[in-house]
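**Student:** Numbering (my numbering), first residue to last: 96 to 245.
1) Indicate the three-state DSSP secondary structure (helix, strand or coil) for residue 117 in the structure shown.
2) Excluding the 5 residues preceding and the 5 following residue 205 in the sequence, name in chain order all residues of the same chain whose CB lies nearer than 7 Å to its CB.
3) Using beta-carbon positions only, say whether residue 168 and residue 218 come within less than 8 Å of one another.
4) Anyone know if the C-beta pair for residue 157 and residue 124 falls short of 8 Å?
5) Which class does residue 123 belong to by DSSP, given the choice of helix, strand or coil?
6) For residue 196, report the span of its alpha helix (DSSP H) as first-last.
7) Could you say if the region 102-121 and the region 230-245 meet the contact criterion of at least three C-beta pairs nearer than 8 Å?
8) In the DSSP output, which residue or residues are listed as bridge partners for residue 101?
9) Look at residue 170 and residue 98 and say whether their C-beta atoms are less than 8 Å apart.
10) Mapping the DSSP letters down to three states, classify residue 108 as helix, strand or coil.
11) Closest by CA to residue 181, which one among 240, 111, 105, 197?
12) Of the choices 212, 190, 211, 213, whose alpha-carbon is the least far from that of residue 202?
13) Mind reading off the beta-carbon distance from residue 175 to residue 106? Whole number of angstroms is fine, and I expect it under 8 Å.
14) List the whole-angstrom C-beta distance separating residue 137 from residue 127, where the pair is believed to meet the contact cut-off of C-beta under 8 Å.
Next comes the structure, spelled out in structure tokens:
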């Protein structure tokens, strides 16, 4: 059996968790039973010399409350993102079988919501032919990581 979670390098893990949790329908992950915080947990299980940076940074992880999606951990790093991301999230918010005008309205409403949360728009992408109608917007999260909303 294979299990996995996604770890994302972040300059501000708390901000990234606050941005991504509602977008994905996730919630903050509570610390293990018996510990009041992730800081208390890490101080208990990790030797002090192995705790990198501010231990408070270890608190920023989110998970799918339905248990269907992977956990996402936001790992503190000092460096900024410098190159294009080699993979990205595609977030589907519209019914892909709906008329193109409805898809555009749904996607654009979500894009506006995400911009208010700190995302930026890179560019829209529309395919409108006799056989295929698709619309999506390439965006960047608050730290510049690319993702698409469709």
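In this text, a Cβ means the ideal position worked out from N, Cα and C, and glycines have one as well.
**Tutor:** Result, derived from the coordinates:
1) Within the chain shown, numbered from 1, the residue matching residue 117 stands at position 22. For residue 117, the three-state secondary structure derived from DSSP is helix.
2) As a position in the chain shown, residue 205 is number 110, starting the count at 1. Correct list, in chain order: 188, 244.
3) Sequence index remark: in the chain shown, residue 168 carries index 73 (1-based). Sequence index remark: in the chain shown, residue 218 carries index 123 (1-based). Cβ distance not < 8 Å, so residue 168 and residue 218 don't count as in contact.
4) Stepping through the chain shown from its first residue, residue 157 is reached at position 62. Stepping through the chain shown from its first residue, residue 124 is reached at position 29. Cβ distance < 8 Å, so residue 157 and residue 124 count as in contact.
5) Translated into the one-based positions of the chain shown, residue 123 becomes position 28. Reduced to three states, the DSSP call for residue 123 is strand.
6) Taking the chain shown and counting its residues from 1, the one referred to as residue 196 is at position 101. Segment 195-211, the alpha helix (DSSP H) holding residue 196.
7) Yes, since at least three Cβ pairs between the region 102-121 and the region 230-245 fall closer than 8 Å, the two stretches touch.
8) For the purposes of this step, residue 101 is taken as residue 6 along the chain shown, with counting starting at 1. Note: residue 101 sits in a beta bridge opposite 167.
9) On the chain shown, residue 170 is found 75 positions in, with the first residue counted as 1. On the chain shown, residue 98 is found 3 positions in, with the first residue counted as 1. Against a cut-off of 8 Å, the Cβ pair of residue 98 and residue 170 comes out as no contact.
10) If you number the chain shown from 1, residue 108 lands on position 13. The answer is helix: DSSP assigns residue 108 an H, G or I state.
11) Residue 181 sits at position 86 when you count from the first residue of the chain shown. Checked all of 240, 111, 105, 197; the closest Cα to residue 181 is 240.
12) On the chain shown, position 107 is the one that residue 202 refers to. Comparing Cα-Cα distances from residue 202 to each of 212, 190, 211, 213, the minimum goes to 190.
13) For this step, residue 175 is matched to residue 80 along the chain shown. For this step, residue 106 is matched to residue 11 along the chain shown. Residue 175 to residue 106, Cβ: 6 Å. Contact.
14) The count along the chain shown starts at 1 and reaches residue 137 at position 42. The count along the chain shown starts at 1 and reaches residue 127 at position 32. The C-beta distance from residue 137 to residue 127 rounds to 10 Å, too long to fall under 8 Å, and the pair is not in contact.
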